[in-house]
Amino acid sequence: MRVSKELVAIHSAFIKQLTKTHLKGLIFVFFFITFEQLYQYGKEQYTAQNWHDCIAFFRRALEDFDYFVDENDWCREKCARLVNKNANTDSESITDDIAEVTSMYTKAQQALCLFRCKAERFTALRPPLSDPSVYEQFESRKPYYYLQYCYWKLGDLQSAVRSAFTYLVGNPKDKDALDNMAFYMEQEGFTHSMLVDARQMKYEASYMKGVEAYNGKDWHQCVMSFEESMEQFFEEEKKCRRICEDKLDWETIEGVNPEITIILTMNRGRDACQSVANSILLNPLDPIMRRNKLFYMKKYEKDDLFKPSEKIMAFHRRDTIERTFLNFVDERFKYENNELPAERAEDRLPLNTEISMEDDFDYSQLEKPVLDDAECTALAIAAVFERLSVPQRQAIGQLQERIAERYRTNPHFESLSCSEDKVAPKCEHHEMIIALDSNRCGAFLSSIDPVGCSIAFCVP
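Numbered as in this note's numbering, the sequence shown ends at 462 without a single skipped number.
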């Protein structure tokens, strides 16, 4: 068996931390050091400035964490499949009280299967997870925060940048992570090819491949990559659900939807309309997608084209029901002064599983101008002189309310500019950019125009 340098370093560092009384059982203990212990040893070597051992422990900890997650997922998937396969589906002959017992029996079967599977995969020698907070630190990519500095101290800029970038992707608002990344980007020898996310998901890689094809106008590759990304996302979502259902981030499939433009270019109008309907169902607050639907409604004049796909509707229904359940638990099981909230009639009502998939939005409202000529002139003057008077501030407030009412969204004023060196809006999700020039007053722009005046709002 070939032994890596990292394993030798881990073995050496581990031996140093053992007393003679520990050595007798070393051969049994060593092979079952979990990511929890490895992570702690890594932090100790980080503090002691033993950079080689620091890297070895953290990398091995990450490997064991991935192994732990994958094995748990494998067991959960296997047990769910076996139990569902053997479940009693003869519902006509089962009364409610019997159905409840049957459900509990099925859960017990699944639990037994999980116990046996984990005992087989991990063996009895592996200790159970003792500190859930360590697991959460791995989920938030904390080991990479330490790794980037260890690599830097050893003069490995490429690995330091990769580790720093990996941590930054998972923690985009962390000031230290932003400062570290800015520092590395100023170093001699830095290249953008070093910006690699070591924890990138398959669906993220496929999505980025689709974006590259989109920019290169390779429409067929675009559709293939984006559709593959969606399938991979749903597989990853199933994995997340099996491991920990309360930690899903549903926003991963929201955002800009370039697939709509692509399939329209390929004359796949029905698919374009369905993509619009999917996006609106998942994020009804997106005004850009509302305008897209208005455009396609005029182009095709067939309302029945705007039906979300079965997979997206099932996803949305389950998401909505789960959110209702979690909100109920959060709100109604909240103790204040050792007392539960006062009882209300809704506490005894069954969970509502009827989720509407209809789009009742009034699209005729979108055909009305959002600004008149006088408002455009007043705001353009304010943009030129980069100063807002009270009436101009009121005009912005009125425009914001108008957008909120017509689009059923929550706009936030971002910028007002006429300068040639305009800075693109820094919105978390989408931006709504409106022209202020007299020849196109109130026109919606896809991006900041280097020539002319515009006002920008951030929207969900």
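The beta carbon of each residue, even a glycine, is placed where N, CA and C say it ideally should be.
8 angstroms contact criterion, which residue i and residue j should meet: CB distance rounded
{"i": "residue 43", "j": "residue 59", "result": "5 angstroms"}
{"i": "residue 432", "j": "residue 386", "result": "About 27 angstroms separates the two Cβ atoms, so there is no contact after all."}
{"i": "residue 152", "j": "residue 56", "result": "4 angstroms"}
{"i": "residue 186", "j": "residue 166", "result": "6 angstroms"}
{"i": "residue 459", "j": "residue 402", "result": "7 angstroms"}
{"i": "residue 245", "j": "residue 74", "result": "6 angstroms"}
{"i": "residue 137", "j": "residue 48", "result": "Going by Cβ atoms, the distance from residue 137 to residue 48 rounds to 20 angstroms, so no, they are not a contact pair."}
{"i": "residue 240", "j": "residue 227", "result": "That pair is no contact at about 21 angstroms."}
{"i": "residue 410", "j": "residue 287", "result": "7 angstroms"}
{"i": "residue 182", "j": "residue 150", "result": "6 angstroms"}
Identity of the residues DSSP links to residue i by a beta bridge
{"i": "residue 447", "result": "435"}
{"i": "residue 341", "result": "338"}
Run of the beta strand (DSSP E) containing residue i, from where it starts to where it stops
{"i": "residue 194", "result": "Here residue 194 belongs to no beta strand (DSSP E), and DSSP marks it neither H nor E."}
{"i": "residue 372", "result": "Element bounds for residue 372: n/a, residue is neither H nor E."}
{"i": "residue 457", "result": "456–461"}
{"i": "residue 415", "result": "414–419"}
Straight-line gap, residue i to residue j (C-alpha atoms, nearest Å)
{"i": "residue 175", "j": "residue 430", "result": "11 angstroms"}
{"i": "residue 445", "j": "residue 306", "result": "28 angstroms"}
{"i": "residue 389", "j": "residue 404", "result": "23 angstroms"}
{"i": "residue 436", "j": "residue 313", "result": "35 angstroms"}
{"i": "residue 242", "j": "residue 71", "result": "10 angstroms"}
{"i": "residue 193", "j": "residue 155", "result": "19 angstroms"}
{"i": "residue 254", "j": "residue 285", "result": "Confidence in residue 254 is poor, its pLDDT being 35 and thus under 50, which makes the residue's placement unreliable; the coordinate value appears in the next sentence. Looking at the two C-alpha atoms, the distance is approximately 12 angstroms."}
{"i": "residue 124", "j": "residue 238", "result": "23 angstroms"}
{"i": "residue 78", "j": "residue 442", "result": "58 angstroms"}
{"i": "residue 339", "j": "residue 450", "result": "53 angstroms"}
{"i": "residue 400", "j": "residue 281", "result": "28 angstroms"}
{"i": "residue 412", "j": "residue 126", "result": "54 angstroms"}
{"i": "residue 159", "j": "residue 234", "result": "32 angstroms"}
{"i": "residue 223", "j": "residue 53", "result": "44 angstroms"}
{"i": "residue 330", "j": "residue 348", "result": "10 angstroms"}
{"i": "residue 447", "j": "residue 343", "result": "49 angstroms"}
{"i": "residue 457", "j": "residue 277", "result": "28 angstroms"}
{"i": "residue 34", "j": "residue 134", "result": "18 angstroms"}
{"i": "residue 308", "j": "residue 275", "result": "5 angstroms"}
{"i": "residue 322", "j": "residue 311", "result": "16 angstroms"}
{"i": "residue 66", "j": "residue 117", "result": "20 angstroms"}
{"i": "residue 173", "j": "residue 328", "result": "25 angstroms"}
{"i": "residue 416", "j": "residue 384", "result": "14 angstroms"}
{"i": "residue 178", "j": "residue 418", "result": "31 angstroms"}
{"i": "residue 345", "j": "residue 332", "result": "15 angstroms"}
{"i": "residue 143", "j": "residue 209", "result": "21 angstroms"}
{"i": "residue 299", "j": "residue 188", "result": "50 angstroms"}
{"i": "residue 163", "j": "residue 196", "result": "6 angstroms"}
{"i": "residue 359", "j": "residue 139", "result": "38 angstroms"}
{"i": "residue 294", "j": "residue 50", "result": "58 angstroms"}
{"i": "residue 129", "j": "residue 216", "result": "48 angstroms"}
{"i": "residue 291", "j": "residue 361", "result": "13 angstroms"}
{"i": "residue 352", "j": "residue 315", "result": "22 angstroms"}
8 angstroms CB neighbourhood of residue i in its chain, flanking five on each side removed
{"i": "residue 408", "result": "367, 368, 370, 372"}
{"i": "residue 406", "result": "412, 413"}
{"i": "residue 380", "result": "393, 394, 397"}
Close beta carbons around residue i, own chain, < 6 angstroms, minus the five adjacent residues each side
{"i": "residue 31", "result": "Model confidence at residue 31 stands at a pLDDT of 44, short of 50, so the residue's coordinates are unreliable; what they give is reported in the following sentence. Nothing listed; no residue qualifies."}
{"i": "residue 378", "result": "438, 443"}
{"i": "residue 464", "result": "Nothing can be reported for residue 464, as the shown portion of the chain is limited to 3 through 462."}
{"i": "residue 296", "result": "365, 368"}
{"i": "residue 357", "result": "319, 322"}
{"i": "residue 120", "result": "77"}
{"i": "residue 454", "result": "439"}
{"i": "residue 420", "result": "385, 386, 455"}
Opening and closing residue of the alpha helix (DSSP H) in which residue i lies
{"i": "residue 35", "result": "Residue 35 -> no alpha helix (DSSP H), and no H or E assigned at all."}
{"i": "residue 337", "result": "From DSSP, residue 337 is part of no alpha helix (DSSP H); its letter is neither H nor E."}
{"i": "residue 178", "result": "177–187"}
{"i": "residue 134", "result": "134–141"}
{"i": "residue 441", "result": "Per DSSP, residue 441 belongs to no alpha helix (DSSP H) and is neither H nor E."}
{"i": "residue 217", "result": "204–217"}
{"i": "residue 403", "result": "392–409"}
{"i": "residue 359", "result": "Where residue 359 is concerned, there is no enclosing alpha helix (DSSP H), given that its DSSP letter is neither H nor E."}
{"i": "residue 164", "result": "159–172"}
{"i": "residue 428", "result": "Element bounds for residue 428: n/a, residue is neither H nor E."}
{"i": "residue 297", "result": "289–302"}
{"i": "residue 155", "result": "144–155"}
Contact set for residue i: own chain, Cβ-Cβ below 7 angstroms, skip 5 residues either direction
{"i": "residue 63", "result": "37, 40, 41, 44, 145"}
{"i": "residue 230", "result": "208"}
{"i": "residue 336", "result": "343"}
{"i": "residue 190", "result": "none"}
Neighbour flag for residue i against chain C, beta carbons, 8 angstroms
{"i": "residue 398", "result": "The chain labelled as chain C is not found in the depicted structure, where only one protein chain is given."}
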